[in-house]
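*Asks:* Following the numbering used here, the numbering of the sequence shown begins with 38 at its first residue and continues without gaps. Don't be surprised by glycine CBs; every beta carbon is placed ideally from N, CA and C. The structure displayed is predicted, hence computed values, not measured ones.
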Amino acid sequence: MGRVKETCSGCKFCDRYYIRGVKKFNKINFGWCCQNHKTVDVHENCKKFECRTKSVKSKRLLRYYLSDILTEISEKRRMIEEEKDV
């Protein structure tokens with residue numbers, strides 16, 4: 038495995054800023070450092086760096102949540118349609 042670059046962009050304390058584009062949000066080269074309580078350039082280094090852990094979510098779990106949300110939406114729609122009929 039390759040070594041992770043110890044820049045703010047890979048630090049768990051850095052929340053990168055985004056700007057709204059036409060079709061998506063775009064990353065910019067600045068973010069908020071929760072340890073230093075200031076805006077930082079994501080290419081900077083500091084002594085408080087801690088590697089960001091990557092969270093991997095399974096597709097099965099995602100399908101489960103989506104199914105649950107769709108069931109809730111269907112039930113709410115059924116309730117609204119019943120209220121209209123009364």
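1. In terms of residue numbering, what span does the beta strand (DSSP E) encompassing lysine 96 cover?
2. Tell me which residue opens and which closes the beta strand (DSSP E) that lysine 64 is part of.
3. In the DSSP assignment, find the beta strand (DSSP E) that holds threonine 76 and state where it starts and stops.
4. When the cut-off is 7 Å and only beta carbons count, does tyrosine 55 lie next to chain D?
5. Could you check what DSSP says for cysteine 48 in three-state terms: helix, strand or coil?
*Replies:* Reading it off the structure:
1. Here lysine 96 belongs to no beta strand (DSSP E); instead the alpha helix (DSSP H) covers 96-122.
2. 62-70
3. 75-78
4. The chain inventory of the structure shown lacks chain D, comprising one protein chain alone.
5. strand
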